[in-house]
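Scroll down for the structure; my scribbles are underneath it.
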Amino acid sequence: MKKKVFSPEQKFVRNFLIGFFSALFILLIGAFIALFQTLISFPEESATQQTTIITSCYDGDTCTTSEGEKIRLACIDTPELRGERANPIEAKAARDYLNDLVVGKEVVLRRITKDRYGRTVAELSKDGVNVQRLLVSKGHAQIHEKYSKQCSGKW
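For any residue, its number in the working numbering is found by taking its place in the sequence shown, counting from 1, and adding 7.
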């Protein structure tokens with residue numbers, strides 16, 4: 008059987024179509040990812056603010072409400088208590104500061120989504136002050152750039 012020879016115009020069209028459909032495929036994948044993230048996020052009506060009491064904070068960015076809901080503070084990262092990246096002294100300082108600030112007190116909770124551990128990712132406010140911003144300003148936390156767009160206002 009004789010090998011088919013393509014003209015330069017046919018090669019151009021073939022390469023154009025391959026590129027076009029590859030780009031279309033990538034866009035579709037992105038759309039499905041965005042749709043999936045929307046499905047696992049809280050619906051807009053439950054993204055409203057709710058008042059709750061914080062009973063304890065495990066570390067500088069994870070607390071528990073009086074209803075037993077685990078809350079992961081959105082948009083920030085604090086030093087780890089355990090593990091390879093552990094920095095126990097700074098982690099305990101962040102945890103203690105957060106405990107002193109919110110435990111036993113009424114806070115406003117703005118739910119954003121759930122994380123891979125099933126915790127509610129949310130913004131906390133106390134007396135009109137954003138708790139995450141306060142932790143960053145006091146040096147106990149850093150802005151988590153990857154997720155900072157989830158939070159209200161500009162970081």
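By construction, the Cβ of each residue, glycine as well, lies at the ideal position given by its N, Cα and C atoms.
Which term fits residue i, buried or exposed, when burial requires 16 or more other beta carbons within 10 angstroms of its beta carbon?
i, result
"residue 221", "Because the chain in this structure spans residues 8 to 162, residue 221 falls outside the shown range and cannot be described."
"residue 61", "buried"
"residue 131", "buried"
"residue 80", "buried"
"residue 53", "Low per-residue confidence applies at residue 53: pLDDT is 47, beneath 50, and the placement is therefore not dependable, though the value from the model is reported in the following sentence. Counting Cβ neighbours within 10 Å, residue 53 comes out exposed, since fewer than 16 surround it."
"residue 139", "buried"
"residue 51", "The predicted position of residue 51 is uncertain, since its pLDDT is 46 and thus under 50; no value can be drawn from it."
"residue 30", "exposed"
"residue 86", "buried"
"residue 104", "buried"
For a test of the three-state rule: what should DSSP assign to residue i, helix, strand or coil?
i, result
"residue 171", "Because residue 171 is not part of the residues shown, which for the chain are 8 to 162, the question remains open."
"residue 74", "coil"
"residue 124", "coil"
"residue 114", "strand"
"residue 159", "coil"
"residue 3", "No statement about residue 3 is possible, as the shown extent of the chain runs from 8 to 162 and does not include it."
"residue 144", "helix"
"residue 66", "strand"
"residue 12", "coil"
Should residue i and residue j be called a contact, given that it needs their Cβ atoms to be closer than 9 Å?
i, j, result
"residue 78", "residue 129", "yes"
"residue 88", "residue 98", "yes"
"residue 157", "residue 127", "no"
"residue 143", "residue 58", "no"
"residue 147", "residue 100", "yes"
Which partner residues does residue i have in the DSSP bridge list?
i, result
"residue 22", "Answer is none; residue 22 lacks a bridge partner."
"residue 137", "132"
"residue 87", "93"
"residue 80", "129"
"residue 119", "For residue 119, which the question treats as bridged, DSSP gives no partner whatsoever."
"residue 149", "84"
"residue 56", "117"
"residue 61", "72, 110"
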